[in-house]
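Protein chains in written order, with this note's numbering: chain L, 47 to 410; chain Z, 487 to 634; chain G, 4 to 322.
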Amino acid sequence: MYKIAIKDLDTLFSKIAAEQELILPLKKAGQYNFGVYEEGADTEGILVNKTVKSAKDAFFPQFETLYNVRKTITPADELANGEEASGTKIRTKLEVSMEDLKDKDFVVFGMRACDVKAVDVLDKVFLSDPVDNYYKARRDHGIIVALACHEPEESCFCTVFGIDPADPKADVATWVVGEDLYWKPLTDKGTALTEGVKDLFADADEQAIEEEKANIKAIMDKLPNTKLSLEGWGAGKTDEKFGSDVWAKLYNPCLGCGTCTFVCPTCQCYDIKDYTTKDGIERYRCWDSCMYSDFTLMAGGQNRTTQLQRFRQRFMHKLVYFPDRYDGMYSCVGCGRCVDKCPQSLNIVKVIKAFGKENKGGAV
Amino acid sequence: MSMNEEKTEFRPLILAFCCNWCSYAGADLAGSSRLSYPADVKIIRVPCSGRVNPMFILRAFERGADGVIICGCHPGDCHYSTGNYYARRRMTLLFSMLDYMGVENGRTRVEWCSAAEGVKFSNTMNEFCEKIKSLGKSVRLGDLRCKD
Amino acid sequence: MQGLKDRLKELLTDGTVVRILGWKKGDMPYNPEPAIFNSAEELEDFVYDGFCGANLSKMMIEATKLEGKTAVCLKPCDTYSFNQLIREHRVNRDNAYIVAVGCRGKLDIEKIKKGTKGITAVSGTELDGSDEITVNTIYGDKTVAYTDALLDRCHVCKGKEHMISDEIWGESKDTADRERFEEIERIEAMSPEERFEFFKKELSKCIRCNACRNVCPACSCRKCIFDNTKFDAQQKANVVSFEERMFHIIRAFHVAGRCTDCGECSRVCPEGIPLHLFNRKFIKDIDKFYGEFQAGKDPEAQCPLTDFTFEDIEPGERG
């Protein structure tokens, strides 16, 4: 257990950033988002609770190139001796170049317990067979420094999913206590990172954070959404929930935008598309949203044709299908970003609550 | 001029949207009159200047164009009566918006040029090409993926 | 608010309308959701307070296709959008009953949340509420002046008059205290480099969620150009390049001359991008080049982009 004064954090950041890429919440044009640290960056954001987007980008970026295909055309008279032009006047060659996988360590600072848990959710999808190489490379090289939530907000409900915001499980866990940041490496990766910057730290007493943990717990108990009941959700509830009338009453204001999906730390659907470049194509993948009308659209106009179906899919996936498939693990971590950002004030809390009322037989 | 110098000289990529009923024929006339204009100008024939969607222009820049010019019939002479009047309003607003976003406004232009104005067509293209050469390569509007 | 609720119930029970489009109490003290009420019983959850910023006129496109009349609560600025939709034959006026609700400006929760966490209750935001709103949080209480928490769009309010109504409920207040084009002029005064950097920085936050497009009452195409799967710049990709800029120019261009400046795009943007800066620039240019025009003011008026005069200025001229 170590500590460092919060005012000295910039020294710590520049020391880490000198060795490896450092990703942390930065303020840009008035909003906090995870970004790459550069000397002199505005780091006041590291202490805000919620960035607009989660840290998902660090491991599964919104947009990434998979490979490039280039077509080169050589006129026959320019061909080297011995090369056949196969009867035509030109020779066409296709070159495929893979995008390099992440091969250097990087540090993500300031992820919260919910964001860390969200990475576990992503792991289930991307690290199970067939393994996603692009994702795995980033996971192998990423070192997560998580921060306990000093003052959780009213939209937070991570405890509902068994997450402890006071005790994040990452490579390094940190706490803000008074004017200091307490630092505790939890894994080998975390210890190695700590070794490199140890001279900036002072030794600290474990006792100081116990009080902070108790404070956080007390705050969580006061928040409105932390007492949600997940009764009736989880593995095996498909039949019961899928045909319910409640969906029709819930979905109506949904705009079909992708805000909830893109700010969500666990949404993992993506699309793979080609971009025509000057002399070939670039194959990229980008996040997709099940809220969009063209999500997994097939020639026959399938898959889901109404907004009701799309809306139901998103919440059923998080609360029923995912637990079905991965031993009861929910793919919601209660970060509350959708609660904050939905333009029409719809969110997963409302959905859970609406069915709760139904369970008790009340009106929705 | 040595081979080497020739290669480093900046050759802009210019896109010209030409109305089928006037400037496209004007370009033809310029050609048959043996007037010259730079080969950097690539012409796309459209049925009317009113067919030019602002998206076409932005896409051209995205894909690496350094300048875009729209040529249509003189106001009052539109084959479809009014197409160029609508185009005029649209382009006025679009160019103003590009300027507002800090993109050099010299990279876009609208010119009215009839089928009889081969000379005007060739002069306009020469002039516009010089202008784009002086502005250099377009960097603010392009997509990185389309670069060399 | 109770008066409004009672009146709406009356409309349902006396058969004037068969459903009501309004706002339903949210799960937080500050997030009412747009909702359709089919019965007096459902109306118990109806709410109308300072957080009801959502413009309901777009939802009327679908609602007026349904059997029977739909009553809709519209604030003064929403009526412009509704008029514009009538102009474009997107809503069926005969199937709509407009309850023009009063408005004294709507609130931006982000402004209240600046430096305030753990909100448990907000009071004093009703139409007849106080000039100070009280915010209770688990970390303590505080008060905020109503005017300090207004949405940016309310500072350039178009006025307290409803452009269309079947009946009016409540008093409205003109909350404009800034010049409408002040922000635009400030940007125009910058150098091209500064302007470029400004927009680049703002738009690089864009996550292409399409909320701005989907909420826009003027964006009512059945199929959007950005939903075309045969098109490279299709909605989802987000690259730090020209793409987002192109999306936002085109988005604003497609509603130029039809945009009523209702400000919904900026309100819903999860990244807080001031998207109205594009739309308002077009409005300013249209005013300057083709004469003053306010979309939605007159449902008969010709849109400037489907109109022309022989003497229009040439593209590239600065007017």
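Cβ coordinates follow ideal geometry from the N, Cα and C atoms, glycine included.
In terms of beta-carbon proximity, G:V218 lines the interface with chain L, with at least one pair separated by less than 8 Å. Going by DSSP, Z:N591 is part of no alpha helix (DSSP H) at all; its letter is neither H nor E. Per DSSP, reduced to three states, the secondary structure at L:V98 is coil, with no helix or strand assignment.
Proximity to L:P107 across L:G86, L:Q77, L:I69 peaks at L:I69, based on C-alpha coordinates. Per the DSSP secondary-structure output, Z:C557 pairs in a beta bridge with Z:C504, Z:E597.
Contact check for L:S335 and L:G304: beta-carbon distance about 3 Å, within the 8 Å limit, so the pair qualifies. Nearest CB-CB separation between G:M249 and chain Z: below the 8 Å threshold. Its chain contains Y181, K182, R185 as the residues whose beta carbon lies nearer than 8 Å to that of L:L173, once the 5 sequence neighbours on both sides are disregarded; these appear in chain order. Contacts with chain G at 8 Å (Cβ-Cβ) do not include L:L93. Scanning chain L for C-beta atoms nearer than 8 Å to the C-beta of G:I141 yields E200, I265, K268, L269, reported in chain order. With respect to chain Z, the C-beta atom of G:D315 has a partner C-beta closer than 8 Å. Excluding five sequence positions before and after Z:V538, the CB atoms of its chain that fall closer than 7 Å to its own CB belong to F503, V532, I556, A573, given in chain order.
Taking a cut-off of 8 Å on C-beta distances, the segment 515-530 of chain Z touches the segment 605-617 of chain Z, as three or more cross pairs fall below it. Ranked by how close their Cα comes to the Cα of L:R331, the residues L:K74, L:D317, L:K53 have L:D317 in first place. Residues of the segment 86-115 of chain L with a Cβ closer than 9 Å to any Cβ of chain G, in chain order: N95, V98, K99, Q108, F109.
A distance below 8 Å separates the beta carbons of L:C204 and L:A159. Here the alpha carbon of G:C157 sits roughly 25 Å from the alpha carbon of G:M193.
Cβ proximity to chain L below 7 Å picks out V271, P273, E274, G275 from the segment 260-291 of chain G. With contacts defined by Cβ atoms closer than 8 Å, G:V218 and G:C262 do not form a contacting pair. Taking CB atoms only, G:E205 has a neighbour in chain L less than 8 Å away. Annotation: Cβ neighbours of L:D340 in chain G (cutoff 7 Å, chain order): D230, T232. Shown in chain order are the members of the segment 15-37 of chain G whose Cβ falls below 7 Å from a Cβ of chain L: G29, D30, M31, N34, P35, E36, P37.
Sequence-distant partners of L:T322 (beyond 5 residues in either direction) whose C-beta falls short of 7 Å from its own C-beta are missing from its chain.
Shown here for L:V397: same chain residues with a beta carbon closer than 7 Å to its own, the five before and five after excluded, namely L296, F361 in chain order. G:C80: member of the alpha helix (DSSP H) spanning 79-90, first to last residue. L:N114 carries a strand assignment under DSSP once its states are collapsed to helix, strand and coil. Sorting G:A152, G:V104, G:E197, G:E188 by C-alpha distance to the C-alpha of G:T82 places G:V104 at the top. One finds nothing in chain G with a Cβ atom closer than 9 Å to the Cβ of L:Q353; even the nearest lies about 10 Å away. For L:V309, a Cβ of chain G is located within less than 8 Å of the residue's own Cβ. Here Z:S600 really is in contact with Z:C559; their C-beta atoms are around 7 Å apart, less than 8 Å. Contacts between L:P389 and chain G, judged by CB atoms closer than 7 Å, involve A214, V218, V271 in chain order. Between the segment 338-348 of chain L and the segment 274-285 of chain L, the count of C-beta pairs closer than 8 Å stays below three; the two stretches do not touch. By the C-beta density criterion, G:I112 is buried, having at least 16 other C-beta atoms within 10 angstroms. Three or more beta-carbon pairs separated by less than 8 Å are not found between the segment 31-41 of chain G and the segment 194-201 of chain G, which leaves the two stretches without contact.
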